[in-house]
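All remarks here apply to the structure that follows.
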Amino acid sequence: MAVEKPERYIGHEFNSVVKDKDSVDVRFVMCFPDVYEIGMSHLGIAILYDMFNSFADTWCERVYSPWPDLDKIMREKKIPLFALESQEPIKNFDFLGITIQYEMVYTNILQILDLSEIPLLSWERTWDDPIVIGGGPCTSNPEPLADFFDIFYIGEGETQYRVLLDMYKESRKNGDSREEFLHKASKIPGLYVPSMLDVEYKEDGTVSRFVPKYDDVPVKVYKELVKDLDDTYYPEKPVVPFIKVTQERVVLEIMRGCIRGCRFCQAGQIYRPVRERSVEYLLDKAVKLLDNTGQEEITLSSLSSSDYSHLDELLSKLIEKCNNKKVNIALPSLRIDQFSLDVMNKIQDVKKSSLTFAPEAGSQRMRDIINKGLTEEDIVNGATLAFKGGWTRVKLYFMLGLPFETDEDIKGIADLSNLVCATFYDTVPKEQRVNGHVQVVTSTSFFVPKPFTPFQWAQMDDAKTFIDKAEKTKHFIIGELNQKHIKYNWHEADVSVLEGVFARGDRKLSKVLLNAYSKGCIFDAWTEFYDNDKWLKAFEEEGVEFSFYTTRKREDDEIFPWDFIECGVTKEHFLREWHKAQKGEVTLNCKDRCAGCGMAKFECGICVR
Amino acid sequence: MKLRVKFSKTGVLKYIGHLDTMRYFQKAFRRTDIRVKYSAGFSPHMIMSFAQALGVGVESLGEYFDVEVEDDQEIAGMVDKLNAQMAEGFKVIDIVKIDDKATNAMASVAASRYEIDFYKTENPVTPALFEEFRSAGPIEYTKKVKTGEITFNIKDFVFELEYRDKGFYCVVDSSSAGNLKPKFLVEVLLKLAGKDIEQYPFHILRIDLLKRDSEGRFVSLDHE
Numbered sequence: 000m001a002v003e004k005p006e007r008y009i010g011h012e013f014n015s016v017v018k019d020k021d022s023v024d025v026r027f028v029m030c031f032p033d034v035y036e037i038g039m040s041h042l043g044i045a046i047l048y049d050m051f052n053s054f055a056d057t058w059c060e061r062v063y064s065p066w067p068d069l070d071k072i073m074r075e076k077k078i079p080l081f082a083l084e085s086q087e088p089i090k091n092f093d094f095l096g097i098t099i100q101y102e103m104v105y106t107n108i109l110q111i112l113d114l115s116e117i118p119l120l121s122w123e124r125t126w127d128d129p130i131v132i133g134g135g136p137c138t139s140n141p142e143p144l145a146d147f148f149d150i151f152y153i154g155e156g157e158t159q160y161r162v163l164l165d166m167y168k169e170s171r172k173n174g175d176s177r178e179e180f181l182h183k184a185s186k187i188p189g190l191y192v193p194s195m196l197d198v199e200y201k202e203d204g205t206v207s208r209f210v211p212k213y214d215d216v217p218v219k220v221y222k223e224l225v226k227d228l229d230d231t232y233y234p235e236k237p238v239v240p241f242i243k244v245t246q247e248r249v250v251l252e253i254m255r256g257c258i259r260g261c262r263f264c265q266a267g268q269i270y271r272p273v274r275e276r277s278v279e280y281l282l283d284k285a286v287k288l289l290d291n292t293g294q295e296e297i298t299l300s301s302l303s304s305s306d307y308s309h310l311d312e313l314l315s316k317l318i319e320k321c322n323n324k325k326v327n328i329a330l331p332s333l334r335i336d337q338f339s340l341d342v343m344n345k346i347q348d349v350k351k352s353s354l355t356f357a358p359e360a361g362s363q364r365m366r367d368i369i370n371k372g373l374t375e376e377d378i379v380n381g382a383t384l385a386f387k388g389g390w391t392r393v394k395l396y397f398m399l400g401l402p403f404e405t406d407e408d409i410k411g412i413a414d415l416s417n418l419v420c421a422t423f424y425d426t427v428p429k430e431q432r433v434n435g436h437v438q439v440v441t442s443t444s445f446f447v448p449k450p451f452t453p454f455q456w457a458q459m460d461d462a463k464t465f466i467d468k469a470e471k472t473k474h475f476i477i478g479e480l481n482q483k484h485i486k487y488n489w490h491e492a493d494v495s496v497l498e499g500v501f502a503r504g505d506r507k508l509s510k511v512l513l514n515a516y517s518k519g520c521i522f523d524a525w526t527e528f529y530d531n532d533k534w535l536k537a538f539e540e541e542g543v544e545f546s547f548y549t550t551r552k553r554e555d556d557e558i559f560p561w562d563f564i565e566c567g568v569t570k571e572h573f574l575r576e577w578h579k580a581q582k583g584e585v586t587l588n589c590k591d592r593c594a595g596c597g598m599a600k601f602e603c604g605i606c607v608r
Numbered sequence: 076m077k078l079r080v081k082f083s084k085t086g087v088l089k090y091i092g093h094l095d096t097m098r099y100f101q102k103a104f105r106r107t108d109i110r111v112k113y114s115a116g117f118s119p120h121m122i123m124s125f126a127q128a129l130g131v132g133v134e135s136l137g138e139y140f141d142v143e144v145e146d147d148q149e150i151a152g153m154v155d156k157l158n159a160q161m162a163e164g165f166k167v168i169d170i171v172k173i174d175d176k177a178t179n180a181m182a183s184v185a186a187s188r189y190e191i192d193f194y195k196t197e198n199p200v201t202p203a204l205f206e207e208f209r210s211a212g213p214i215e216y217t218k219k220v221k222t223g224e225i226t227f228n229i230k231d232f233v234f235e236l237e238y239r240d241k242g243f244y245c246v247v248d249s250s251s252a253g254n255l256k257p258k259f260l261v262e263v264l265l266k267l268a269g270k271d272i273e274q275y276p277f278h279i280l281r282i283d284l285l286k287r288d289s290e291g292r293f294v295s296l297d298h299e
């Protein structure tokens, strides 16, 4: 077989939607620009696929990035990229929707366009090409990709697509030019048309102002959100892949948003406010989803499941429904306490897999800076309970390179890892130790400041500093009493730096992307394909400095490339939080006290309780 | 109750691998109210065993698996229920009850009937070629295996050959002791005809999996 896993490209999966193409007005193809197994695990696309196909006039299909083996054949034989359901070329579609989940897929977006024979630059496209529209978390700063997209959809996809499709049908009927259509689309709330907004820069390279191309183009783009999650689209018949995908299970999104304003976390800010789904709604969906897919596992999805108000009720009813069907319930992102351990004992098989804690920082001082409301006591208590319950393996996640970090904070990572080991020996008497000892896996990733967080002003470390800090961590761990039982892993530094460049990047980066792509960079999220030298060369050739985007100090009043977007949380709130971080002051979570972040104006979710 | 299920797998679904086909049927059962028996133990799994793995890229009109179910449902109803849960390209053709003590599907398999279709060219094989094949002495074929190479007389593994317009039908050994890939037979025949296999692309279709009845004749695996 010339191509590995041909099942990635043949479609035909159970519950995939095939319509009569002559009976629809709009052909939409939804793309996750990474390999099938990753893309098929994404809930957002499943929701939008279901929504579009519920429209009688629209047929929505799917496409994923061809793996490098097929990519090569397609280029050699000039085979245009095709959609899974109809196997028709992407170029024939009305819309190509691309979800942008992480920065390291940016070159894969160019690969998708290129293999589809769609001009990479938006202004070179005609009505022979689809409208290329982007969505997902990275569109909270879409600027590095501005040249490649016709439209960005800012916020949650359930709300404005119907309006856009109707406008599109009308425009095509009236014979509008592409430019006329895009001009009209720029007035739909939540839609950003980069070609309708010019950016002017100061001499130092920062943004001076945003200039709409026409007077009636809005100068601010407001994020869209779903106010009532019990009254919106949610798939009941998701596609069931033939091959094993990363999320081989039914996904039940129990709520959106997070009450805990961790200052490094973008998801915790841009999905505000917390909106919960009702237990009745979730149980109804769970039963239908399991019946319609035959999956053996269901996972409750949210940013912090322990914060869901009716978790106890939901779980006991779900266990009732799942037990006779031999369905496993998976519960990621749970706080480790007596309740969650009891739940895990009830729902998971006897094998005690490892437990995960994410203190994110080693010292209490640093956890206060990042506003991670987890204390050493919480961790020790959780670990004690877990060890009493028979668990012997613990994973600890930390970040290196957080703002205002000192060697003491780094040493805190080693100290905390050691403390967890010591807790095991204090808790479990020698004769009861299952494997004789405890296994702690400590992992660090490098902190990448993201737009629309209090740390959007933060200076990021360079690659050398990152590596030095990882070495220090290793050194401190070796110095600990229980170092034999601590395994230490750290994340790549080069990729983190590049991620940092694009996260807070501007339009000047699009030429670097084009250059790197022309050198053959694709699948940058995959270590086996990531080629740092090519990237360094691309930056050098285009005369763009990493440091402008990463290590540079940003003043409080700097206009950021993404500041034309209103995510709901105000810049004043972020700045307030940034200043509190500098002083090590914590902010209470939304349940305890409203921090006045600005979301209350949407009048939904936790803000109206 | 023990059942033997016969299904077809055609079109692009020929690219679905064996393990994925098994997982596919497990999920399909879970979408119906047919309750498949689970094994005991730490990680229970459905009691289901496939007759033979079908090569990736080969279509088939006759694949089989045995499965144990809890309830005593009507056979016809089960066929319909499963077919309501099939992706296009999979079809349940038949279900038969089998004796609890019956030899399982995998051990029953004796041979496969294949159709070879030269879809692009004129037919490079002729009835005369089959005669030549039959009357020739032992024809050695060497295939690479993990431990090196093995050589065997291919004629021992070919039971029937029948000419057809676009190619031929054959019945070849598919038992666990001596499974012959039809591709090897095509190679040997074209070599005998003095033709270059590269010039004659072909499709392989498995028509059925066969067992031997009490008199030694080949019959379908679902033959009662």
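Here the protein sequences line up with chains U and V, keeping their order. Throughout the first sequence, residue numbering follows this note's numbering, covering 0 to 608 in sequence. Throughout the second sequence, residue numbering follows this note's numbering, covering 76 to 299 in sequence. By construction, the Cβ of each residue, glycine as well, lies at the ideal position given by its N, Cα and C atoms. For clarity, every value in this text was computed on a predicted model and none was experimentally measured.
On the DSSP letters alone, give me the boundaries of the beta strand (DSSP E) that N322 of chain U sits inside. N322 of chain U -> not in any beta strand (DSSP E); alpha helix (DSSP H) instead, spanning 310 to 322.
Using a C-beta cutoff of 8 Å, does D214 of chain U count as contacting chain V? no
Which residues of chain V have a Cβ atom closer than 9 Å to the Cβ of T292 of chain U, listed in chain order? K102, R105, R106
Nearest-angstrom Cα separation, counted from D532 of chain U out to E36 of chain U: 28 Å
With H, G and I counted as helix, E and B as strand and the rest as coil, what does DSSP make of Y244 of chain V? strand
Would you say E84 of chain U lies against chain V (beta-carbon separation less than 8 Å)? no
Per-residue contacts from P5 of chain U into chain V (C-beta, under 7 Å): Y90
To the nearest angstrom, report how far apart Y197 of chain U and R177 of chain U are at their CA atoms. According to the sequence provided, residue 197 of chain U is Asp. The question's Tyr does not apply to it. Their backbone Cα atoms lie some 18 Å apart in a straight line.
Hey, how far is the Cα of K236 of chain U from the Cα of G133 of chain U? 24 Å
Would you call the stretch 456 to 474 of chain U and the stretch 369 to 387 of chain U in contact, with 3 or more CB pairs under 8 Å? no
Let me check one thing: in DSSP terms, what residues is V142 of chain V bridge-paired to? V:L78, V:M123
I'd like to know whether the C-beta of F241 of chain U is nearer than 8 Å to at least one C-beta of chain V. yes
Chain U contact for E273 of chain V (CB, 8 Å cutoff): no
Whole-number beta carbon distance between L285 of chain V and F293 of chain V, since they are thought to touch under 8 Å: 4 Å
Work out the CA separation of D155 of chain V and D147 of chain V for me, nearest whole Å. 15 Å
Write down the C-beta distance between F451 of chain U and V273 of chain U rounded to the nearest angstrom, noting that I regard them as a contact closer than 8 Å. No, F451 of chain U and V273 of chain U are not in contact; Cβ-Cβ is about 17 Å, not under 8 Å.
Using the Cβ count rule (16 or more neighbours within 10 Å means buried), how would you classify W122 of chain U? exposed
Integer Cβ distance of V133 of chain V from I279 of chain V, believed to fall under 8 Å: 5 Å
Pair every Cβ in the stretch 592 to 600 of chain U with every Cβ in the stretch 114 to 122 of chain V, then say whether three or more of these pairs are closer than 8 Å. no
Starting from F51 of chain U, trace the alpha helix (DSSP H) in both directions and tell me its first and last residue. 42 to 53
Cβ of I521 of chain U less than 8 Å from any chain V Cβ? no
Within chain V, partners of I9 of chain U - CB distance below 7 Å: V87, Y90
Counting contacts by CB-CB distance shorter than 8 Å, is D146 of chain V in contact with chain U? no
DSSP beta-bridge partners of E237 of chain V: V:Y244
Taking all protein chains shown into account, do 16 or more other C-beta atoms lie within 10 angstroms of the C-beta of S315 of chain U, making it buried, or fewer, making it exposed? exposed
Are any of the Cβ atoms in chain U nearer than 8 Å to that of P276 of chain V? no
Measuring only between beta-carbons, confirm whether D95 of chain V sits less than 8 Å from chain U. yes
If you count every other CB in all the chains shown that lies within 10 Å of the CB of T405 of chain U, and 16 or more means buried, which is it? exposed
Taking D169 of chain V as the reference, give the member of V:D141, V:A162, V:E190 with the closest Cα. V:D141
I need the straight-line Cα distance from V349 of chain U to F117 of chain V, nearest angstrom please. Confidence at V349 of chain U is low in this model, with a pLDDT of 46, below 50, so the placement of that residue should be treated as unreliable; the coordinate-derived value is given next. Approximately 8 Å, taken between the alpha carbons.
Could you pull out every unbroken beta strand (DSSP E) segment of at least 3 residues lying fully inside the stretch 258 to 315 of chain U, listed in chain order? 296 to 300
Report the option in V:I214, V:A151, V:R110, V:L94 whose CA atom is closest to the CA atom of N228 of chain V. V:I214
P119 of chain V CB to nearest chain U CB: under 8 Å? yes
When we look at the beta-carbon of T96 of chain V and count the other beta-carbons within 10 Å, is it buried (16 or more) or exposed? buried
Return the chain-ordered list of same chain residues with a C-beta closer than 8 Å to the C-beta of I328 of chain U, the five sequence neighbours on each side being excluded. E296, I297, T298, L299, L314, L317, I318, C321, I346, Q347
Within a Cβ cutoff of 8 Å, which residues of the same chain sit near K183 of chain U, ignoring the five residues on either side of it in sequence? M166, S170, D175
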